[in-house]
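Q: First the structure, which I've put down as structure tokens, then a few questions once you've had a look.
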Amino acid sequence: MKINPIYMLVILLALSCDKQDEKAEVQYCNNAKIIKTTCGGTVVQILKPENVGDAWIDASTAEKPTYNNCILLGNIPLNKQKEGSTISIKYQIVSQFGNGNFCDIGGLPPIKASILNIYDSCAD
Numbered sequence: 001m002k003i004n005p006i007y008m009l010v011i012l013l014a015l016s017c018d019k020q021d022e023k024a025e026v027q028y029c030n031n032a033k034i035i036k037t038t039c040g041g042t043v044v045q046i047l048k049p050e051n052v053g054d055a056w057i058d059a060s061t062a063e064k065p066t067y068n069n070c071i072l073l074g075n076i077p078l079n080k081q082k083e084g085s086t087i088s089i090k091y092q093i094v095s096q097f098g099n100g101n102f103c104d105i106g107g108l109p110p111i112k113a114s115i116l117n118i119y120d121s122c123a124d
């Protein structure tokens, strides 16, 4: 059976792109501040690195503060969901939350992530 070389090149490029994208999504230990817990997930501000997430405005408050580097997490344990607290996590960007019962509300950060691990603290 002969395989077209162009077809083989396309397959190899697709496989290598998937592996690179997968590695780019997995982050190591990051400190994240809990901003708001909602039925759609928990808004967190990634403190380091500072180039993750989007600017997010909390439209539910009178002051409407803006937070930089925000993502939406879906699987934070209840004992870690205290607004204003900082958690140390390893996470992976996902297109949708895998498990849990989340409502679909607007106004939340578009980038969703799933926690892979929670740490006592991140080493600086």
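Here the sequence shown stands for residues 1 to 124, numbered as in the working numbering.
Glycine is no exception: its CB is placed at the ideal position from the N, C-alpha and C atoms.
1) Which runs of the beta strand (DSSP E) fall wholly inside the region 35–59 and span at least 3 residues, in chain order?
2) Taking the beta strand (DSSP E) that residue 70 belongs to, which residues open and close that run?
3) Go ahead and label residue 70 buried or exposed: buried means 16 or more other beta carbons lie within 10 angstroms of its beta carbon, across all protein chains shown.
4) Can you tell me the Cβ-Cβ gap for residue 115 and residue 93, rounded? I've got them flagged as a contact below 8 Å.
5) Spatial neighbours of residue 104 within its chain, please: CB distance less than 7 Å, with the 5 preceding and 5 following residues excluded, ordered by chain position.
6) Out of 117, 80, 29 and 49, which has the shortest C-alpha to C-alpha gap to residue 35?
7) Hey, how far is the Cα of residue 83 from the Cα of residue 33?
8) Measuring alpha carbon to alpha carbon, tell me which of 59, 65 and 95 ends up nearest residue 74.
9) Along the beta strand (DSSP E) that carries residue 112, what are the first and last residues, could you check?
10) In the structure shown, what three-state DSSP assignment does residue 82 receive?
11) Is the Cβ-Cβ distance between residue 76 and residue 38 less than 8 Å?
12) With which residues is residue 95 paired in a DSSP beta bridge?
13) Is it buried or exposed, residue 112, if we count other Cβ atoms within 10 angstroms and call 16 or more buried?
A: In terms of the structure at hand:
1) Restricting attention to beta strand (DSSP E) runs no shorter than 3 residues, the region 35–59 encloses them at 41–46 and 54–57, ordered along the chain.
2) Where residue 70 is concerned, the enclosing beta strand (DSSP E) starts and stops at 66–73.
3) Within a 10 Å sphere around the beta-carbon of residue 70 sit 16 or more other beta-carbons, which makes this residue buried.
4) With 8 Å as the limit, residue 115 and residue 93 do not qualify as a contact, their Cβ atoms being about 12 Å apart.
5) Taken in chain order, the residues that qualify are 40.
6) Taking the Cα of residue 35 as reference, the smallest distance to any Cα among 117, 80, 29 and 49 is reached at 80.
7) Approximately 8 Å between the Cα atoms of the pair.
8) Of the listed residues, the one whose Cα sits closest to residue 74 is 95.
9) Start and end: 112–119.
10) The three-state reading of DSSP puts residue 82 in coil, since its state is none of H, G, I, E or B.
11) For residue 76 and residue 38, no; Cβs fall outside 8 Å.
12) When beta bridges are read from the DSSP output, residue 95 appears opposite no residue.
13) Looking at its Cβ environment, which holds 16 or more other Cβ atoms inside 10 Å, residue 112 is buried.
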